[in-house]
Amino acid sequence: MLEYFTSLNDHNLPYPDTIHPIVVHFVIAMVLFSFFCDVVGYFTGKSSLFEVSWWNMLVATIAIFVAIIFGQFEAGLAQPYSLAKSVLNLHTLIGWSLSGIITAITAWRYVIRARNPQKLPIYYLGAGLVLTLIVGLQVYLGDQLVWVYGLHTVPVVEAVKDGLLR
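Last residue of the sequence shown: number 166 in UniProt numbering, and the count goes up by one each step with no gaps.
Below you can see the structure in the form of structure tokens.
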């Protein structure tokens, strides 16, 4: 059993496939759904949607740190070649920044919820829109790492091992 933890498979991972995308898609969905609930709740007056939004942001705040841990681990095992490094570095920087941004917005949301759970300031919706745009950029960069640069795909892992990519 120890050999499963010390040897890497054909994806250059000690486990069957990447975990970061699974966890991060959970975070993406929760952040986007939270913003959606806030917007609909704001314009329809259905304050119960604010509660849904709050819980989605709280869980997203916790989950983003799990996503970052696996992302850092898997990025380290990816052995990125020179063309992919700049995108990976930017993706990493924005990922860490998003953890702080999401945590700050969730803390702000907690204060708003504690003061008046029936109302939501328009400024919070603006922050949610900015967060949604940053998440969109992060998704784009993550897609590039997989679909353009092929990190953790078998052909790219083999090319790096064979010295064809540097």
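Cβ coordinates follow ideal geometry from the N, Cα and C atoms, glycine included.
When secondary structure is reduced to three states using DSSP, Thr18 falls in the coil class, being assigned neither helix nor strand. Put simply, the backbone Cα of Ile134 is about 13 angstroms away from that of Thr92. DSSP places Ser48 inside the alpha helix (DSSP H), whose first and last residues are Ser48 to Ala78. Our two residues, Glu51 and Thr153, have alpha carbons roughly 40 angstroms apart in a direct line. For His152, the three-state secondary structure derived from DSSP is coil.
At the C-beta level, Ala67 and Val27 come within 8 angstroms of one another. Between Gln79 and Asn12, the C-beta spacing is below 8 angstroms. Looking from the CA of Asp143, the closest CA among Tyr15, His25 and Pro16 belongs to His25.
Residue environment for Gly136: exposed (fewer than 16 other C-beta atoms within 10 angstroms of its C-beta). DSSP, read as helix, strand or coil, puts Gly45 in coil.
With 16 or more other CB atoms across the displayed protein chains lying within 10 angstroms of its CB, Thr18 is buried. The alpha-carbon of Lys161 is positioned some 22 angstroms away from that of His20. Inclusion of Gly41 and Leu145 in the CB contact set at 8 angstroms is not warranted, their separation being larger than that value. Taking Ser99 as the centre and dropping the five residues before and after it, the same chain places the C-beta of Ile64, Phe65 and Ile68 closer than 7 angstroms to its C-beta, in chain order.
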